[in-house]
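Numbering (our numbering), first residue to last: -13 to 423.
Accompanying notes for the structure given below.
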């Protein structure tokens, strides 16, 4: 069982990180006008209408593990609970229907049938599915799927699906452009420019999904002028100590990986054991959580070299929580959760996105078609500054270069995840590299 679990974790890590390098152009928030409405405001009129029914599909009991995919769901539910306590959307409660697809394609199709066909939800929100096999059915039913985590390529493939990071692809039933997706090199540019990194290690398993992602990372690093040290370990019996010793010998000053959370913890422990100190051990938004001390308890030096990158505002930074109203709302609305994560914040933002779409339908009635029109305008969305501007357009050709911004945080035992500059200012003009999902 441990082998099957780690295969799934590795594949998921690779897919999520692929998404991280291809999450789309990010323009500074200041480039767009602020919205006048507030998603948490008290409604100005009451209504006796039926509740608005939304669905959340989550691979809560997937082979990867119980808590791997639940962050977006928990964040969205917390937002809707707070919204309902304040009167709902123009007096209408939001009735949240959840479905656990078990991490399988069969289970996902069953969830889609239950929520879309039987429960007649007006939209899906904050989807986080290991195998989104029912995506084409959602699209054919013209049900807007809002703010889902693009674990696979569905949000770059089908109309009516709007992932949390946006897309410029045609979305005509084929992934990206002729089956290829594109991602930028902004993460590698950041660590080169801001941290002075020049030699990068890429650690992977000798397993297909892991190795494929490692090749993409290596391609991006080389495009940014890095010397790249590749370290591949055996999946069944990984020798992380040998990999750590070699990356130390090769002088790596930043480490990227295509391995699961368990493997990352073991790699960090091995790096501490051999004295491999680096500028940054880089992870992704999926691992941007409050459980770092527990996950990396045996690697204090490496733990304090952990950096995370993403496209949403740091939930954990004390200064951000004090200065930013939307972050304060999130922290207050999720204070009863046992742990916290960046995925929770993105689920909260997804629920806010649906709420703004539903409010736009006040005069005509909240229908699937009306919500979808709001989503499909092509206008950037920021969830009151929680997200870097998210865009959905349909470009006939992939861009060769794009200006992309990113959110960066570093773990410090004393303070948690500390923001490294403002995400609207960390922007780069970078090439777009193709890959097959």
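Heads up, the beta-carbon is just placed ideally off N, CA and C, and yes, glycines get one too.
Excluding residues up to 5 positions away in sequence, 108, 347 lie with their Cβ nearer than 8 angstroms to the Cβ of residue 353 in the same chain. By the neighbour-count criterion, in which a residue is buried when 16 or more other Cβ atoms sit within 10 angstroms of its Cβ, residue 124 is buried. The Cβ neighbour count for residue 200, taken over all protein chains shown within 10 Å, is at least 16; the residue is labelled buried. Apart from the 5 residues on each side of it in sequence, residue 154 sits with its Cβ closer than 6 angstroms to the Cβ of 379, 381 in its chain, given in chain order. Contact check for residue 341 against residue 69 passes: the beta carbons are separated by less than 8 angstroms. In this chain, the alpha helix (DSSP H) harbouring residue 258 covers 247 to 260. Classified as exposed, residue 309 has fewer than 16 neighbouring CB atoms from the shown chains inside 10 Å of its CB. The DSSP assignment places complete alpha helix (DSSP H) segments of no fewer than 4 residues inside the region 274 to 341 at 278 to 281, 286 to 289, 304 to 309, 311 to 319, in order along the chain.
Burial check for residue 36: the Cβ neighbour count within 10 Å stays below 16, so the residue is exposed.
Within its own chain, the residues whose Cβ lies closer than 8 angstroms to the Cβ of residue 393, once the five positions on either side in sequence are excluded, are 295, 296, 297, 298, 299, 300, 374, 405, 409, 412, listed in chain order. Comparing alpha carbon positions, the residue from 175, 141, 62, 158 closest to residue 418 is 175.
Shortest Cα-Cα distance from residue 86 to any of 106, 388, 210, 112 involves 112. For residue 147, DSSP records a beta bridge to 131. Of the residues assessed, residue 217 falls on the buried side of the cut-off, its CB having 16 or more other CB atoms within 10 angstroms.
Per DSSP, residue 194 is one residue of the alpha helix (DSSP H) stretching across 194 to 209.
The beta carbon of residue 172 sits closer than 7 angstroms to those of 390, 392, 414, 416, all from its chain and outside the five residues before and after it, given in chain order. Using a 10 angstroms sphere on the CB of residue 92, the tally of other CB atoms stays under 16, which defines it as exposed. The C-beta distance from residue 161 to residue 142 rounds to 6 angstroms, short enough to fall under 8 angstroms. The C-beta distance from residue 43 to residue 115 rounds to 6 angstroms, short enough to fall under 8 angstroms. Of the residues assessed, residue 243 falls on the buried side of the cut-off, its CB having 16 or more other CB atoms within 10 angstroms. Here DSSP, grouped into helix, strand and coil, assigns residue 137 to coil.
In the three-state scheme derived from DSSP, where H, G and I count as helix and E and B as strand, residue 154 is classed as coil. Residue pairing by DSSP places residue 43 opposite 85 in a beta bridge. Per DSSP, residue 48 lies in no alpha helix (DSSP H) and is assigned neither H nor E. As the crow flies, the alpha-carbon of residue 251 is around 24 angstroms from that of residue 331. Excluding its 5 nearest sequence neighbours in each direction, residue 122 has C-beta neighbours in its own chain below 7 angstroms: 144, listed in chain order. Here the region 261 to 270 lies against the region 177 to 190, with 3 or more beta-carbon pairs under 8 angstroms apart. Cβ atoms of residue 136 and residue 149 come within 8 angstroms of each other, at about 4 angstroms. Between the alpha carbons of residue 84 and residue 276 lies a distance of about 24 angstroms.
Between residue 215 and residue 236 the beta-carbon gap is near 4 angstroms, inside 8 angstroms, which marks them as a contact.
Under DSSP, residue 240 takes part in a beta bridge, and its partners are 186, 266.
In this structure, DSSP gives residue 382 a state outside helix and strand, which the three-state scheme calls coil. The beta strand (DSSP E) runs of length 3 or more contained entirely in the region 59 to 120 are, from start to end of the chain, 80 to 86, 109 to 111. Straight across, the Cα-Cα distance linking residue 187 with residue 231 is about 12 angstroms.
The beta carbon of residue 152 sits closer than 6 angstroms to those of 10, 376, 377, 378, all from its chain and outside the five residues before and after it, given in chain order.
Within the same chain, Cβ atoms closer than 6 angstroms to the Cβ of residue 95 are found at 119, 120, the five residues on either side in sequence being excluded.
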